[in-house]
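For the record, in the sequence shown the residue sitting at position 49 is 48 according to numbering that gives the first Met the number 0, with numbers rising by one throughout.
Yeah, the Cβ is synthetic: ideal placement off N, Cα and C, and Gly gets one too.
Values in this document were obtained by computation on a predicted structure and should not be read as measured data.
Contents: one structure, followed by commentary.
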Amino acid sequence: MGALDAVAGRVAGGATVEFRPTGSSMVPLIRSRQRVVVAPADPSKLKAGDIVLARVAGTVYLHLVSAVDPARKRVQISNNRGRVNGWTGHDRVFGICTAVDGVPRAGAADKTRAA
0 MGALDAVAGR VAGGATVEFR PTGSSMVPLI RSRQRVVVAP ADPSKLKAGD IVLARVAGTV
60 YLHLVSAVDP ARKRVQISNN RGRVNGWTGH DRVFGICTAV DGVPRAGAAD KTRAA
């Protein structure tokens, strides 16, 4: 189980979590080791460009929503370098990134769900 799996479990349980993800796939939106805040998400409110914590094909990612399919209740997840991870159902979207290094993400707070 990876570090993001543990974070996903906490967020799925209703917690808002601060952590420092590693990697370069989300640069310049999130740089490796920047502090992010992820809160439980209301997947029905997500739009392309939102950064979410989601499970796609067995792996948890903190990546972008690149497309939405409200009729089938799913979102497409991609990194910020053009790589599409795939489609995932609303039930596998755990949280939305509400801040990066203390800077709020525009509109993200309106897409959280109450615990």
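{"Asked": "Beta-ladder partner(s) of residue 18, from DSSP", "Found": "35"}
{"Asked": "Residue 66, DSSP secondary structure in three states", "Found": "strand"}
{"Asked": "Residue 73: first and last residue of the uninterrupted alpha helix (DSSP H) it sits in", "Found": "Residue 73 -> not in any alpha helix (DSSP H); beta strand (DSSP E) instead, spanning 73-77."}
{"Asked": "Sequence-distant residues of its chain with Cβ nearer than 7 angstroms to residue 87 (five each side left out)", "Found": "53, 54, 55, 73, 74 and 76"}
{"Asked": "Same chain only: Cβ atoms within 6 angstroms of residue 11, ignoring 5 sequence neighbours per side", "Found": "93"}
{"Asked": "Distance, residue 63 Cα to residue 1 Cα", "Found": "19 angstroms"}
{"Asked": "Three-state secondary structure assigned by DSSP to residue 54", "Found": "strand"}
{"Asked": "For residue 102: DSSP bridge partner residues", "Found": "99"}
{"Asked": "Limits of the unbroken beta strand (DSSP E) element including residue 85", "Found": "83-88"}
{"Asked": "Assigned exposure category for residue 97 - 16 Cβ within 10 Å defines buried", "Found": "buried"}
{"Asked": "Residue from 84, 59 and 38 with nearest C-alpha to residue 104", "Found": "38"}
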